[in-house]
Amino acid sequence: MYNNNNNFNNYNSGGNPQVNPGQNPPQQGYSPYDYRGEYPAYDYRQQYYNEQPYYPPAQYGAQPGGPLERYYAERKELKTLSNVAGICVLAFVLIQAFIGFVIGLYPPFRNVYFANVDFQNAVGIIFSVCGVLLPFVFGALYLKGKQGTDLTPVLDPPADKKLALLLIPVGFALCVAASYISGFLTDLIERTGIELIEPETSVPGSRIGWVIYFIAIAVVPPVTEEFAVRGVVMQPLRKYGDVFAIVISSFVFGIMHGNLIQTPFAFMAGAAIGYVMCKTNSLWPGIVIHLLNNGFSVGIEFLLKYVTTPLYQNIIYYGVLAAIIICAVISAVILVKTYGSSLKIKTNKLNTLTAGSKVRAYIITIPMLLAIAAMFYITSKYVSF
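For the sequence shown, our numbering gives the first residue as 163, with consecutive numbering after it.
Written out as structure tokens, the structure is:
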């Protein structure tokens, strides 16, 4: 029988509480009172157990390193990446508006701009650097300080140069195919009575003008846009799967073009360039593909201006197109034989977020939604009902 007085006196006098014969001490981790309400002998193992931090079950909170904690950490990181990309796109829009405001503010400056094609293209070069490159450079610096995201590896030349050289003709051919698909979609939309308008571009008339035009269209944008979209936007997203990174970056690349004629093409071409970037882990093959694609467009404009005979135009155009296709097919065959299954896109199975959760976490942030709304507003200016 338990004697409360004796045990209480022993406890107060500095001795250990007594345990009745046959009474078992409590198991480690339970209350110091057993189920009968009796106080057992002190177990020094109990002190170690009580000093350990308490982690609640998953339904009451995230355990350190557990799935729920990883879920919230991944979601938070995606929202941070979305905020940075959204702010950079908003800066792109605001700088574009500011340059337009400055041009329209001073009549002499405005008159020179609209009268001189070379001056327009020079302003375009300045905008590509200030409006596209600079915001995303600051975005990259912020991500490096905030999350330790380092873009230096993708700025290096590709490690496997043979793979890069084989992927460039294939990527270029896919961009050309994307232009045909985009033209087909534009034709379908316009058959419904909706007119899609593309921003006007002026073709230069002098040699120096063509040099400036080529730099403004085929040299500067590939460098600035690839760094911005495939570098700052896509590269940090690759830890969530290359497919997810390619789709999201292509979406951002598409809406940044600001008109429905170029947006579908930019999405498809961006997906092709994104794939090449994932396979080579370098921005430079994508920059080359982008340069070839834009240079091809400049070449077509040059052809239409200086070769006036339709027959000769067709011979030159389809001859170049045939060469592009042949090079792409040969490269594709060599790629499949040489690299085989390694050409497949990798998926990251370590993420706790589903595909839908990743898309919602990235798209549904205030900066990204504002950026999408701003680009949709600009796009609406190039649609006539």
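In this text, a Cβ means the ideal position worked out from N, Cα and C, and glycines have one as well.
- Linking S504 to K520 through their CA atoms gives a straight-line distance of about 25 Å.
- With fewer than 16 other Cβ atoms from the protein chains shown falling within 10 Å of its own Cβ, T314 counts as exposed.
- Linking F406 to M530 through their CA atoms gives a straight-line distance of about 16 Å.
- Judged by beta-carbon spacing, A433 lies beyond the 7 Å limit of I449, meaning their Cβ atoms are not closer than that value.
- Look at the stretch 239–265 and you find no whole run of alpha helix (DSSP H) that is 4 residues long or longer.
- Nearest C-alpha to F464 among I488, I379 and L230: I379.
- For H452, the enclosing alpha helix (DSSP H) covers residues W446 to Y468.
- The C-alpha of K241 lies about 10 Å from the C-alpha of A235.
- With contact defined as three or more Cβ pairs closer than 8 Å, the stretch 390–402 and the stretch 293–308 are in contact.
- Rounded to the nearest whole angstrom, the C-alpha separation of I370 and K508 is 46 Å.
- With a contact defined as Cβ atoms closer than 8 Å, F376 and V285 miss out at about 16 Å.
- The residue from L243, F254, L256 and F260 with its alpha-carbon nearest to that of G307 is L243.
- CA-CA distance, T442 to G266, rounds to 44 Å.
- Closest in alpha carbon position to I374, among I534, I288, M418 and I486, is I288.
- If only uninterrupted alpha helix (DSSP H) runs of at least 4 residues are considered, those enclosed by the stretch 365–397 are 369–376 and 382–387.
- Residue range Q424 to T442 is occupied by the alpha helix (DSSP H) that includes G432.
- With respect to the 7 Å criterion, G420 and I540 are classified as neighbours on the basis of their beta carbons.
- Rounded to the nearest angstrom, the gap between the Cα atoms of C292 and V255 is 11 Å.
- Sequence-distant Cβ neighbours of I249 in its own chain, meaning closer than 6 Å and more than five residues away, are P529.
- Shown here for S412: same chain residues with a beta carbon closer than 7 Å to its own, the five before and five after excluded, namely F429, G432, A433 and G436 in chain order.
- Between Q309 and F538, the alpha-carbon positions lie close to 30 Å from each other.
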